[in-house]
Amino acid sequence: MAAPPISNDIRTLRFLAGEMTQAELGERIGVTRQTIAAIESGKYSPSLEAAFRIAQVFGKPLEEVFRWEG
Amino acid sequence: MAFREKLAWALLATTVGGYAVYLLMLRSVTSSAGWDAPVEALVPALIGMTILMIVLAIVGAIVATVSAPQEAGASDERDLAIRRIGRSRAYGVMISGVCGIIILAVSGSNMFQAANALVSILAIAEIVRYGSEAWNYRRGY
Numbered sequence: 000m001a002a003p004p005i006s007n008d009i010r011t012l013r014f015l016a017g018e019m020t021q022a023e024l025g026e027r028i029g030v031t032r033q034t035i036a037a038i039e040s041g042k043y044s045p046s047l048e049a050a051f052r053i054a055q056v057f058g059k060p061l062e063e064v065f066r067w068e069g
Numbered sequence: 000m001a002f003r004e005k006l007a008w009a010l011l012a013t014t015v016g017g018y019a020v021y022l023l024m025l026r027s028v029t030s031s032a033g034w035d036a037p038v039e040a041l042v043p044a045l046i047g048m049t050i051l052m053i054v055l056a057i058v059g060a061i062v063a064t065v066s067a068p069q070e071a072g073a074s075d076e077r078d079l080a081i082r083r084i085g086r087s088r089a090y091g092v093m094i095s096g097v098c099g100i101i102i103l104a105v106s107g108s109n110m111f112q113a114a115n116a117l118v119s120i121l122a123i124a125e126i127v128r129y130g131s132e133a134w135n136y137r138r139g140y
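Protein chains in written order, with numbering that gives the first Met the number 0: chain A, 0 to 69; chain B, 0 to 140.
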């Protein structure tokens with residue numbers, strides 16, 4: 000399956016947030032660690048709600064976390 | 000491997016195993032009575048397949064839960080999306096199969112053949128469903 004044309008900086012943002020783990024981020028937005036891992040690796044495009052929640056956790060606007068590459 | 004992926008693989012193996020047992024039992028029926036056997040001759044095979052699938056599904060769920068107890072029961076939007084895709088693909092198979100069975104019935108097949116075709120379509124649709132889920136978990140969605 001082709002990767003979705005959406006890239007993200009979640010890995011970097013987690014590092015900048017004090018090495019927040021995938022499990023911690025997942026818990027804060029209500030998804031599993033595997034889903035965070037799938038989002039980070041570009042295998043899964045999150046719902047708009049999950050994307051906003053992720054951006055909210057890092058205190059960033061959506062476009063600084065996710066980028067449209069299409 | 001995540002809990003949901005393990006469960007999908009376990010249910011895929013369960014369905015394949017159960018259907019394989021059904022085919023083996025069907026073979027023994029058709030080798031003695033042919034393809035014109037009474038439809039009741041399928042009952043032992045159906046019961047055997049059902050019992051085996053229940054036992055294997057329980058064992059698979061226990062193994063998946065024991066190997067990842069902290070993830071058991073957890074489900075999110077990605078799990079739901081993967082399940083939805085699996086069901087959608089299985090539905091396509093099911094509809095095509097039912098159309099095929101209707102054509103079979105109209106063209107003069109007997110109850111035994113039609114019942115076998117129906118069981119096969121159900122099994123294949125479930126295999127497609129769990130196979131799709133396992134594949135999407137493995138390769139990403």
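A virtual CB, placed ideally from N, CA and C, is assigned to each residue, including glycine.
| query | result |
| --- | --- |
| Whole alpha helix (DSSP H) elements within the segment 26-55 of chain A, 4-residue minimum | 32-39 |
| Proximity to Glu39 of chain A [Cα-Cα], best of A:Arg10, A:Pro4 and A:Gly69 | A:Arg10 |
| Same chain, Cβ closer than 8 angstroms to Arg82 of chain B, five either side skipped, listed in chain order | Glu132 |
| Cα-Cα separation between Gly139 of chain B and Glu39 of chain B, rounded to whole angstroms | 44 angstroms |
| Close Cβ partners of Gln21 of chain A (< 8 angstroms) along its chain, the five nearest in sequence each way excluded | Arg13, Arg32, Ile35, Ala36 and Glu39 |
| Alpha-carbon to alpha-carbon, Asp78 of chain B and Leu25 of chain B | 36 angstroms |
| Check whether Phe65 of chain A and Ala49 of chain A have beta carbons under 8 angstroms apart | no |
| Cutoff 6 angstroms; reference Arg27 of chain A; Cβ partners in own chain excluding five residues on either side | Val56 |
| Residues bridged to Arg66 of chain A [DSSP beta-bridge criterion] | A:Ser6 |
| Where the alpha helix (DSSP H) through Lys5 of chain B begins and ends | Phe2 to Ala32 |
| Extent of the continuous alpha helix (DSSP H) run through Glu132 of chain B | Met110 to Arg138 |
| Cβ of Gly85 of chain B within 8 angstroms of any chain A Cβ | no |
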